[in-house]
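Novice:
Numbering (this note's numbering), first residue to last: 85 to 204.
1. If I measure Cβ to Cβ from residue 128 and keep anything under 8 Å in the same chain, skipping five residues before and after, which residues do I get?
2. Our contact map puts residue 191 next to residue 145 with C-beta atoms below 8 Å; I'd like the distance itself, whole angstroms only.
3. Assign residue 149 to buried or exposed, taking buried as 16 or more other Cβ atoms, counted over all protein chains shown, within 10 Å of its Cβ.
4. Who pairs with residue 134 in a beta bridge, going by DSSP?
5. DSSP three-state label for residue 243, please.
6. Given a cut-off of 8 Å, decide if residue 172 and residue 189 are closer than it, judged by their beta-carbon atoms.
7. Which term fits residue 118, buried or exposed, when burial requires 16 or more other beta carbons within 10 angstroms of its beta carbon?
8. Measuring straight from C-alpha to C-alpha, what distance separates residue 99 and residue 130?
9. Given a threshold of 16 other Cβ atoms within 10 Å of its Cβ, counted over all protein chains shown, does residue 151 qualify as buried or as exposed?
10. Enumerate in chain order the residues of its own chain whose CB-to-CB distance from residue 175 is below 6 Å, with the five nearest sequence positions on each side excluded.
11. Does DSSP put residue 190 in a helix, a strand or coil?
12. What does the alpha-carbon distance come out to for the pair residue 89 and residue 97?
Now the structure itself:
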């Protein structure tokens with residue numbers, strides 16, 4: 085004879101952002117009813133959030149940068165004059181999916197390259 089398990093056929097969903105370099109453990113606890121343990125399938129679906137860096141029109145002669153990503157991601161913007169040596173410019177945790185930054189140190193610079201890195 086079988087046992088009826090309350091909640092059978094139900095689906096639960098959990099969504100959480102996972103920053104780069106961080107490990108998360110998901111534990112699923114079954115239910116025992118009438119001596120019969122619940123069983124089921126755990127499906128893990130994920131989406132990688134792309135991080136992009138855009139150059140906006142200059143602000144007061146300084147480079148105006150905009151980072152698109154996701155809230156709570158830690159990023160660093162770096163600059164280089166030769167694409168070989170990179171120097172950190174700013175490190176931040178994104179409060180929203182967009183971060184604007186004006187590089188006041190870029191005024192009167194002949195040439196400067198930028199990149200954004202995702203941090204753990």
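We put the beta carbon where it would ideally sit given N, CA and C, even for glycine.
Specialist: Short version:
1. Only 110 meet the Cβ criterion.
2. Contact holds; Cβ gap of about 5 Å.
3. Buried, by the Cβ-count rule.
4. For residue 134, DSSP records no beta bridge to any residue.
5. The chain is shown only over 85 to 204; residue 243 falls outside these bounds and no answer can be derived.
6. No, these two residues do not count as a Cβ contact at 8 Å.
7. By the neighbour-count rule (16 or more Cβ atoms within 10 Å), residue 118 is not buried but exposed.
8. CA-CA distance, residue 99 to residue 130, rounds to 9 Å.
9. A residue is called buried when at least 16 other Cβ atoms come within 10 angstroms of its Cβ; residue 151 meets this threshold and is buried.
10. When the five nearest sequence neighbours on each side are left out, the beta carbons in the same chain lying within less than 6 Å of the beta carbon of residue 175 are those of 160, in order along the chain.
11. Here DSSP, grouped into helix, strand and coil, assigns residue 190 to helix.
12. Note that residue 89 scores a pLDDT of 47, beneath 50, so its modelled location is shaky and nothing firm can be said.
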